[in-house]
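**Student:** Here it is, the structure in full.
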DNA sequence: TCTTACACTAATCAATTGACCAGTGAAAGT
DNA sequence: ACTTTCACTGGTCAATTGATTAGTGTAAGA
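Residue numbers (the numbering used here), protein chains in the order written: chain A, 13 to 206; chain B, 13 to 206.
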């Protein structure tokens, strides 16, 4: 009963940290704001997590646990032998994930180019994702893989991590189910055509 | 001679602010860091620009002046009647711009979803860009336009604004001229096929 | 030449930051 | 029942933040 409460509190904090950081950036959000969102005091953050940096790592772990879970479900869902349909379904899954977790791209863009957090993220989580992508796309020319990887990522998720600006510009809400569907269809039509 | 020096100093500061903010985010960089990069004292920033927020706006203006300039050159460069080639060239131009100005996407992602800076950016610069895109793509279904806009943007620029991570993951440097070329070719082949 | 204008510096401000620490109260172990 | 453990609070710390201000030197205008 003691440990369950402890774990629940920790998760509460980690979730608050993940979403707050995704919205305002690591430097843009204070530990006090995160604590307030989680409904705890600021001192508790340094009690459970030694520093803000460690809390950020916990948030990253939490995010990528979600991603890994989604990837498992995605490959489990398709026992379709038609390779074209598999490709379409892959694109569709990425779009759906991007819409359900718009914090993903924001969180990763927030990790700048030169920071120490960037290196940690690459080695701890991104490399694993990237390797899986390589393994799933052996038919692609080797030199094309990184390009296709970033094309797919950017094309499928950017609209959702900029949903507010998109709404202001176009009038449509990209997070609305019918627009998510549309995004998936358009992107699949564009990328999977042969 | 007095005003020229003044303008030169201001531009020096604005450029330093733009690149520093693109790297570390608005909240991630201090006015002192920006001043040091520009080779001036911190007090001079609040002398020329009243606040950090105003300096950010000046940096945004500078960035979008570059974008507008690139857009002018792009449409000037293509007097090709073949619509398919026009499309290919448009994609190519976007990729090239993204590689030459990787700060663009970082700067815009840094502007969160709810901030006042976001609204200002939309009304002052983004709407103009988006309207131009709409005008240039009247053949697209109206409902598809925002989706294609973000697909094109994300797909063409994300790899460059994450060049460091891409380098660590894949071993290739996306900013190298041959990789920029490759990215343009792959994306054009994917998006322009009919 | 002299005086004004002004780009610029250096010192200082209050406010916010992340981290630290002494205390508290209730659950858990004996 | 008694003690210990420990999740958690409130207060405090030095450091950094953006902003303000008084002062300086030189180019421009008289």
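Note that the Cβ used here is the ideal one computed from N, Cα and C, for glycine as well. Keep in mind that this is a model prediction, so the values were computed, not measured.
Anything in chain A within Cβ reach of residue 169 of chain B, meaning under 8 Å, just list it in chain order.
**Tutor:** The contacting residues are 166.
**Student:** Counting only C-beta atoms, is residue 36 of chain A closer than 7 Å to chain B at any point?
**Tutor:** Cβ-Cβ to chain B under 7 Å: yes for residue 36 of chain A.
**Student:** Per DSSP, what kind of secondary structure is residue 183 of chain A in: helix, strand or coil?
**Tutor:** Three-state result, residue 183 of chain A: coil.
**Student:** Looking only at its own chain, which residues have a Cβ that is under 6 Å from the Cβ of residue 60 of chain A, when we skip the five neighbours before and after it?
**Tutor:** Closer than 6 Å at Cβ, skipping near neighbours: 22.
**Student:** Against chain B, does residue 195 of chain A count as a neighbour if the rule is that its beta carbon must be under 7 Å from one of theirs?
**Tutor:** Yes, because at least one Cβ of chain B sits closer than 7 Å to the Cβ of residue 195 of chain A.
**Student:** Taking beta-carbon pairs under 9 Å, can you tell me which members of the region 107-130 of chain B lie near chain A?
**Tutor:** If the cut-off is 9 Å between Cβ atoms, the region 107-130 of chain B has 114, 117, 118, 120, 121, 122, 123, 124, 125, 126, 127 and 130 near chain A.
**Student:** In three-state DSSP terms, what is residue 169 of chain B?
**Tutor:** Helix at residue 169 of chain B.
**Student:** Got a sec: which bits of the region 45-74 of chain B sit with their beta carbon under 8 Å from any beta carbon on chain A, in order along the chain?
**Tutor:** From the region 45-74 of chain B, no residue has a Cβ closer than 8 Å to chain A.
**Student:** Residue 44 of chain A and residue 28 of chain A: beta carbons closer than 7 Å?
**Tutor:** Not in contact: residue 44 of chain A and residue 28 of chain A (Cβ atoms no closer than 7 Å).
**Student:** Kindly give me the distance between the Cβ atoms of residue 164 of chain A and residue 121 of chain A, rounded to whole angstroms, as I take these residues to be in contact under 8 Å.
**Tutor:** Rounded, the Cβ-Cβ distance is 16 Å, inconsistent with contact.
**Student:** Once DSSP output is grouped into helix, strand and coil, what is the label at residue 139 of chain A?
**Tutor:** It is helical.
**Student:** Below 7 Å CB to CB, which residues in the same chain sit around residue 82 of chain A once its five sequence neighbours on both sides are set aside?
**Tutor:** Hits under 7 Å: 109.
**Student:** Helix, strand or coil: how does DSSP classify residue 121 of chain A here?
**Tutor:** Here residue 121 of chain A sits in helix by DSSP.
**Student:** Using a Cβ-Cβ cut-off of 8 Å (strictly less than) and excluding sequence neighbours within five positions of residue 152 of chain A, which residues of its own chain qualify?
**Tutor:** Result list for residue 152 of chain A: 160, in chain order.
**Student:** Answer with buried or exposed for residue 72 of chain B, where buried requires no fewer than 16 other C-beta atoms within 10 angstroms of its C-beta.
**Tutor:** So residue 72 of chain B ends up on the buried side.
**Student:** Does the Cβ of residue 13 of chain A have 16 or more other Cβ atoms within 10 Å, making it buried, or fewer, making it exposed?
**Tutor:** Exposed, since its Cβ has fewer than 16 Cβ neighbours within 10 Å.
**Student:** Under three-state DSSP, which class holds residue 61 of chain B?
**Tutor:** Looking at residue 61 of chain B - three-state DSSP - the assignment turns out to be coil, as it is neither helix nor strand.
**Student:** Can you confirm whether residue 156 of chain A, when its beta carbon is compared against all beta carbons of chain B, has any partner nearer than 7 Å?
**Tutor:** Yes, because at least one Cβ of chain B sits closer than 7 Å to the Cβ of residue 156 of chain A.
**Student:** For residue 188 of chain A, which three-state DSSP category applies?
**Tutor:** If DSSP states are grouped into helix, strand and coil, residue 188 of chain A belongs with coil.
**Student:** Residue 100 of chain B: buried (16+ other C-beta within 10 angstroms of its C-beta) or exposed?
**Tutor:** Its Cβ being crowded by 16 or more others within 10 Å, residue 100 of chain B is buried.
**Student:** Apart from the five residues just before and just after residue 175 of chain B, which ones in its own chain have a Cβ nearer than 8 Å to its Cβ?
**Tutor:** The residues are 114, 185, 186 and 187.
**Student:** Apply the 10 Å Cβ neighbour rule to residue 183 of chain A and answer buried if 16 or more other Cβ atoms are within range, or exposed otherwise.
**Tutor:** Burial call: exposed.
**Student:** Buried or exposed: residue 194 of chain B, going by 16 or more other Cβ atoms within 10 Å of its Cβ?
**Tutor:** Per the 10 Å Cβ criterion, buried.
**Student:** Any idea what DSSP makes of residue 195 of chain A, helix, strand or coil?
**Tutor:** If DSSP states are grouped into helix, strand and coil, residue 195 of chain A belongs with the helices.
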